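Enquirer: First the structure, which I've put down as structure tokens, then a few questions once you've had a look.
There are 2 protein chains.
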Amino acid sequence: MLARGKIRIGVIGLDHPHGLMLAGRLWQAGATIAAFHATGGANVAAMRLLGPRAKSRPIDAIVDDPSIDLVVTAAIPSERGDIAVRALRNGKHVVADKPGVTTLADLEAIDGALADTDRRWWVMFGERFENRAVAEACARARMGDIGQVVSVLGLGPHRLGAGGRPAWFWDPQATGGILVDIGSHQADQFLMATGATDVDVLSAQVGNVACPLHPTMQDIGQMVLSGAGAIGTHRVDYLSPTGLKTWGDGRLMIVGTEGTLEVRTNVDVTGRKGKEHLIAVDGRGVRRLDAKTSSVDWAKRLVADIVEGSDTFVPQDHVRRVSELTLRAQAAATSWTAPDGEEDRP
Amino acid sequence: MLARGKIRIGVIGLDHPHGLMLAGRLWQAGATIAAFHATGGANVAAMRLLGPRAKSRPIDAIVDDPSIDLVVTAAIPSERGDIAVRALRNGKHVVADKPGVTTLADLEAIDGALADTDRRWWVMFGERFENRAVAEACARARMGDIGQVVSVLGLGPHRLGAGGRPAWFWDPQATGGILVDIGSHQADQFLMATGATDVDVLSAQVGNVACPLHPTMQDIGQMVLSGAGAIGTHRVDYLSPTGLKTWGDGRLMIVGTEGTLEVRTNVDVTGRKGKEHLIAVDGRGVRRLDAKTSSVDWAKRLVADIVEGSDTFVPQDHVRRVSELTLRAQAAATSWTAPDGEEDRP
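What follows is the structure in structure tokens.
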């Protein structure tokens with residue numbers, strides 16, 4: 051058994067800045083960043099974290115390195131499935147930034163690799179794991195605090211930030227599409243809040259409403275999900291107004307037969323300062339709950355799961371369900387009619 | 051032409067307390083309450099408004115009375131269509147509480163009566179006409195303040211208040227079903243915010259999740275609408291937590307390509323006091339707008355429309371579109387799976 055603090059990680063792909071967050075959190079939790087692979091501008095970002103002497107190594111060198119326990123990937127989303135399969139088949143655990151995969155074929159290849167090995171494949175759904183109000187709302191809903199959960203509403207607006215986006219950001223083949231990519235947070239939260247294991251996609255739409263220069267890119271999407279007696283309506287977009295001081299005014303509203311839980315994820319517009327706002331309304335009244343009394347500890351739990359063989363971070367079947375559900379919603383999505391326009395938003 | 055202040059109204063049906071609100075607002079606007087018809091307990095409520103000597107008159111006597119200009123109805127919803135047709139065909143204008151009709155046949159009968167007369171049929175969508183923040187948000191969205199409107203989200207939770215509800219409340223044949231009844235506010239707001247005239251119902255669900263003693267009653271419903279390049283997701287329910295100090299924490303969130311408008315209709319939970327909260331976020335920043343600088347003036351406008359022949363209250367085609375749309379959504383609705391339960395909520 052590996053001693054805690056001796057977990058060695060190889061980072062493959064820092065194309066999304068979440069990769070630095072993932073590696074940084076694991077490093078804080080005692081892991082050693084043993085190697086990384088990154089290309090282009092992402093290298094520079096990696097260097098800042100890993101020190102000026104750190105050098106990108108080939109992917110093969112990392113997956114072949116027997117000293118590495120865990121591969122962390124925030125590569126271009128469409129490459130994450132293949133990276134995961136190679137790592138799993140070479141005896142490594144994998145944690146991917148969301149989305150873990152962008153096609154059903156990739157998901158099935160990961161299924162195969164998992165079946166053939168005793169390694170695990172995790173996906174990081176940061177809107178819950180990095181936000182204690184979201185995590186607490188889902189946990190309370192699941193534990194029956196508001197009766198039977200009958201409705202989940204999720205809003206995931208994101209800043210477009212067109213100037214800082216890499217080329218692959220605009221290509222739905224690379225991102226998997228908006229429901230697979232940022233919609234995976236929504237599916238994660240719906241499944242967590244309801245406990246549903248069998249989910250129907252009742253309706254899904256994706257569209258490009260404000261980026262006419264990149265007509266195939268999807269800047270808005272929504273899906274209506276049904277499972278465990280609850281209906282989930284989830285919208286994601288890249289339409290955060292430029293005057294908002296955070297990347298997105300995310301919301302989660304869970305309705306139960308005996309109360310409601312509302313999360314204002316990153317900001318309470320014109321309200322209280324800070325993020326992670328959680329409001330409960332039930333038979334007793336209306337109140338704010340302080341979700342900040344717990345700590346953001348997913349990386350510690352992930353390290354423990356590897357060291358001790360426990361299952362405290364995120365269950366394998368949940369990861370698979372989220373991935374499969376978003377792929378299904380994306381495939382079912384019809385078109386959001388676009389308004390006329392000539393210039394992309396800033 | 052009738053002089054303002056001389057409008058005489060006949061109130062037919064006070065089954066819903068909104069009838070008193072309608073009559074009261076019109077009285078404040080200068081109308082004379084000339085007659086009323088009400089049955090059962092609703093009579094008592096009417097007496098309080100109209101004075102101890104007021105007596106209920108038969109419907110025929112009211113629709114035959116040539117001195118009456120306007121029939122106001124908040125009868126059992128399924129009776130409103132017939133009342134409207136009789137009033138229109140007897141030369142009266144009609145204003146109904148929402149929903150104006152509960153079946154397509156009723157709507158077509160009203161179409162016929164309108165085509166054969168020069169009278170008008172209005173429906174009162176109180177969540178907008180009585181709430182200046184909702185009205186202002188819809189108006190600003192329509193005027194382009196937030197760019198092109200691409201998404202409208204409406205939440206209309208209501209207190210169940212089971213103890214005070216009449217028998218017809220529990221019968222979807224009488225109410226038209228939850229999407230026709232309280233969903234009409236949602237359709238009104240979607241059409242106003244977007245300007246859509248041709249709307250598809252993408253998905254609709256209704257169910258009974260918390261009233262097992264009244265299994266055919268619908269205590270939750272939602273619909274996804276598409277029109278004018280925007281998608282609307284609208285949930286209505288009778289699940290307001292009993293600890294909430296208002297009948298419902300209604301919300302309206304309009305997303306445009308350049309900003310968002312958010313209304314907290316009746317309450318800003320754990321936030322500021324009062325109702326009619328309007329928050330705008332756009333390229334300039336985040337701010338509260340004071341919607342209370344205008345007045346709730348729909349009754350004055352309605353009186354003026356009758357006296358002067360103007361069209362300032364609510365256009366006929368809008369009223370018809372809302373009615374037709376909610377009937378269509380209700381007819382298309384699939385079942386919300388109910389959780390197990392044995393007792394109705396309070």
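The listed protein sequences derive, respectively, from chains H and Z.
First residue of the first sequence: 51, per the working numbering; consecutive thereafter.
First residue of the second sequence: 51, per the working numbering; consecutive thereafter.
Every residue gets a Cβ at the ideal spot worked out from N, C-alpha and C, and that includes glycine.
Quantities reported herein were computed from a predicted structural model and do not represent experimental measurements.
1) Within the continuous alpha helix (DSSP H) that includes Z:M48, where are the two ends?
2) Roughly how many whole angstroms lie between the Cα atoms of Z:R209 and Z:A185?
3) Kindly indicate if chain H contains any beta-carbon less than 8 Å away from that of Z:E308.
4) Verify whether the separation of the beta carbon atoms of Z:G271 and Z:V286 is less than 8 Å.
5) Given this structure, state the Cα-to-Cα distance separating H:Q78 from H:L302, to the nearest angstrom.
6) Can you list, in chain order, the stretches of the beta strand (DSSP E) that have 3 or more residues and sit fully within the segment 215-301 of chain Z?
7) Along chain H, in chain order, which residues have C-beta atoms closer than 9 Å to that of Z:Q272?
8) For Z:I356, report the span of its alpha helix (DSSP H) as first-last.
9) Could you tell me which of H:H143, H:S345, H:W386 sits nearest to H:Q255, measuring between CA atoms?
10) Using only CA atoms, which one of H:V144, H:F179, H:S253 lies nearest to H:R342?
11) Would you say H:R107 faces chain Z, with C-beta separation under 8 Å as the test?
12) Which residues, in chain order, does the segment 299-327 of chain Z contribute to contact with chain H at a C-beta distance below 9 Å?
13) Nearest by alpha-carbon distance to Z:L311: which of H:G233, H:V319, H:D340 is it?
14) Classify H:T404 as buried or exposed, calling it buried when 16 or more other Cβ atoms lie within 10 Å of its own Cβ.
15) Evaluate H:R182 with the Cβ neighbour count: other Cβ atoms within 10 Å of its Cβ, from every protein chain shown; 16 or more gives buried, anything less gives exposed.
16) Chain Z beta carbons: is any one of them nearer than 8 Å to that of H:T292?
17) For H:G233, return the contacting residues in chain Z, with the cut-off set at a CB-CB distance below 9 Å.
18) List the endpoints of the continuous beta strand (DSSP E) containing H:V68.
19) Can you give the Cα-Cα distance for Z:L70 and Z:L64, rounded to whole angstroms?
20) How would you call Z:S234, buried or exposed, if buried means at least 16 neighbouring beta carbons within 10 angstroms?
21) If you follow the alpha helix (DSSP H) that H:F86 is part of, which residue opens it and which one closes it?
22) Run through DSSP, which three-state label would Z:L64 get?
23) Establish whether the CB of Z:M51 and some CB of chain H are separated by less than 8 Å.
24) Buried or exposed: Z:D166, going by 16 or more other Cβ atoms within 10 Å of its Cβ?
25) What does DSSP give as the partner residues of Z:W171 in its beta bridges?
26) Could you check the C-alpha separation between H:L52 and H:T123 for me, to the nearest Å?
27) If I'm right that Z:D340 touches H:P291 with Cβ under 8 Å, what's the distance once you round it to whole angstroms?
28) Compare the C-alpha of Z:L375 against each of Z:N258, Z:D231, Z:R314, Z:A88 and name the closest.
29) Compare the C-beta of H:W386 with all C-beta atoms of chain Z and state if any pair is closer than 8 Å.
30) Using a C-beta to C-beta distance shorter than 7 Å, which residues of chain H count as neighbours of Z:G335?
31) From the DSSP output, which residues share a beta bridge with Z:L201?
32) Please name the residue in Z:K295, Z:G90, Z:L377 whose C-alpha comes closest to that of Z:W218.
33) Between H:T315 and Z:V353, what straight-line distance do the alpha-carbon atoms span, to the nearest angstrom?
34) Could you work out which residue in Z:L157, Z:W297, Z:R170, Z:V199 is closest to Z:G226 when comparing CA atoms only?
35) Going by other Cβ atoms of all chains shown within 10 Å of its Cβ, with 16 needed for buried, is H:A187 buried or exposed?
Expert: Let me lay it out:
1) The requested residue 48 of chain Z does not occur in the structure, where chain Z is confined to residues 51 to 396.
2) One C-alpha to the other measures close to 22 Å.
3) Output row for Z:E308: interface = yes.
4) Yes, the Cβ-Cβ distance between Z:G271 and Z:V286 is below 8 Å.
5) If you take the alpha carbons of H:Q78 and H:L302, they lie about 29 Å apart.
6) Correct list: 250-257, 270-277, 280-287.
7) Near Z:Q272 (Cβ distances below 9 Å), the residues of chain H are S201, V274, I281, T283.
8) Per DSSP, Z:I356 is one residue of the alpha helix (DSSP H) stretching across 348-358.
9) If we check each option's Cα against that of H:Q255, H:W386 comes out closest.
10) Rather than Arg, the amino acid found at residue 342 of chain H in this sequence is Lys. Closest option to H:K342, Cα to Cα, is H:F179.
11) So no, H:R107 is outside the interface.
12) Per Cβ criterion, the list reads D299, R301, M303, V305, G306, T307, E308, G309, T310, E312, V317, D318, V319, T320, G321, R322, H327.
13) Of the candidates H:G233, H:V319, H:D340, the one whose C-alpha sits nearest the C-alpha of Z:L311 is H:V319.
14) Outside the shown range of chain H (51 to 396) lies residue 404 of chain H, about which nothing can therefore be said.
15) Classification of H:R182: buried, given that the 10 Å Cβ count is 16 or more.
16) Interface residue, yes.
17) Those within 9 Å of H:G233 in chain Z number zero; the least Cβ separation is about 15 Å.
18) Inspection of the sequence shows that residue 68 of chain H is occupied by His rather than by Val. It is not in any beta strand (DSSP E) - H:H68 instead sits in the alpha helix (DSSP H) that spans 68-78.
19) Here the alpha carbons of Z:L64 and Z:L70 stand approximately 7 Å from one another.
20) With 16 or more Cβ atoms within 10 Å of its Cβ, Z:S234 is classed as buried.
21) H:F86: not part of any alpha helix (DSSP H); member of the beta strand (DSSP E) spanning 82-87, first to last residue.
22) Z:L64: coil per DSSP, three-state reduction.
23) Residue placement at Z:M51 is poorly supported in this model, since its pLDDT is 39, which falls under 50; the coordinates still yield a value, given next. Not closer than 8 Å to any Cβ of chain H, the Cβ of Z:M51 fails to qualify, so no.
24) So Z:D166 ends up on the exposed side.
25) In DSSP, Z:W171 forms a bridge with Z:V144.
26) Note that H:L52 scores 44 on pLDDT, short of 50, meaning its location in the model is unreliable; the coordinates nonetheless yield the value given after this. Going by the C-alpha atoms only, they are around 21 Å apart.
27) So it is not a contact: roughly 20 Å between Cβ atoms.
28) If we check each option's Cα against that of Z:L375, Z:D231 comes out closest.
29) It does: the Cβ of H:W386 has a partner Cβ on chain Z nearer than 8 Å.
30) The contacting residues are G293.
31) The sequence given here places Ser at residue 201 of chain Z; Leu does not occur at that position. As a beta-bridge residue in DSSP terms, Z:S201 pairs with Z:I281, Z:V305.
32) For the residues Z:K295, Z:G90, Z:L377, the minimum Cα distance to Z:W218 belongs to Z:G90.
33) C-alpha separation (whole angstroms): 46 Å.
34) If we check each option's Cα against that of Z:G226, Z:L157 comes out closest.
35) The residue is buried, with at least 16 neighbouring Cβ atoms inside 10 Å.
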